[in-house]
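K.L.:
Encoded structure:
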């Protein structure tokens, strides 16, 4: 074959094991599809995955195509080839979309809070007015309007808090999508440590930080370096 068989063999084993198939089950899957390659046996799969001796069993092109098909993976990908330029473009697009979304949410939040200010209800006013209305101690002609104003402002304040979380996340997405290559390994390590700590926390293992803390640290670090 006109490609490196070693990588292909490793990928066959990887794809089989990730599906928790035995070599016999993979052979059955291939035989069920039929083809020009003849019949597969568990020993055939074993020889493909683990070649032995000075003259290992060669992999024919039709066999390689059948294996790629049964895994639902392209031949190029089975060989380790990646269309990095497509992913790079998609990553740049993600960064642009996240940045625009940040601006839109930030603008929407500012507009909502400006409108809320027009209700002329401070946090102290809200609490006092709610108590007076609840106890029917406030004389006014339109109690429904005051109640709606309180409910609307309270919900708007919740929106502002939730938008802060969304903005923080979008800021992180934007920064990571545009991360210089020299910084990738450092943040990759930070991410993996965060995932490990989060898993430990889920298992009830006492850890000093959870995933949110680690992600916050990454975001803070990105903010300070930008």
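In my numbering, the protein residues as written are 43 to 268. Cβ atoms here follow ideal geometry from the backbone N, Cα and C, with glycine treated the same way. For clarity, every value in this text was computed on a predicted model and none was experimentally measured.
Please classify residue 217 as buried or exposed, where buried requires at least 16 neighbouring CB atoms within 10 angstroms.
P.N.:
buried
K.L.:
With C-beta atoms as the reference, is residue 79 less than 8 angstroms away from residue 104?
P.N.:
The beta carbons of residue 79 and residue 104 sit closer together than 8 angstroms.
K.L.:
To the nearest angstrom, report how far apart residue 116 and residue 98 are at their CA atoms.
P.N.:
Spanning the two alpha carbons is a distance of roughly 24 angstroms.
K.L.:
Pull up the distance between the alpha-carbon of residue 65 and that of residue 234, whole angstroms please.
P.N.:
32 angstroms
K.L.:
Excluding the 5 residues flanking residue 191 on each side, which residues of the same chain have their C-beta closer than 7 angstroms to its C-beta?
P.N.:
Answer for residue 191: 161 and 163, listed in chain order.
K.L.:
Could you give the residue range of the alpha helix (DSSP H) that holds residue 206?
P.N.:
185-219
K.L.:
With residue 136 and residue 215 assumed to form a contact (beta carbons below 8 angstroms), what rounded beta-carbon distance in angstroms separates them?
P.N.:
7 angstroms
K.L.:
Considering only residues of the same chain and omitting the five flanking positions on each side of residue 195, which have a CB-CB separation below 8 angstroms?
P.N.:
158, 161, 163 and 168
K.L.:
Residue 234 lies in the alpha helix (DSSP H); which residues open and close that run?
P.N.:
223-244
K.L.:
On a Cα-Cα basis, can you pick out the residue from 242, 228, 221 and 238 that is closest to residue 130?
P.N.:
That would be 221, whose Cα lies nearest to the Cα of residue 130.
K.L.:
Got a sec? Which residues, its chain only, sit under 8 angstroms from residue 171 by beta carbon, not counting five neighbours each side?
P.N.:
163, 180, 188 and 192
K.L.:
Nearest CA to the CA of residue 206: which residue from 90, 81, 148 and 139?
P.N.:
148
K.L.:
Looking at residue 120 and residue 50, is the spacing between their C-beta atoms short of 8 angstroms?
P.N.:
Result yes, Cβ atoms of residue 50 and residue 120 sit closer than 8 angstroms.
K.L.:
Ordered along the chain, which non-local residues of its own chain (more than five positions away) have a Cβ less than 7 angstroms from that of residue 113?
P.N.:
57
K.L.:
Look up residue 64 in the DSSP assignment and say whether it is helix, strand or coil.
P.N.:
coil
K.L.:
Am I right that residue 212 and residue 140 are in contact with their C-beta atoms under 8 angstroms? What's the rounded C-beta distance?
P.N.:
5 angstroms
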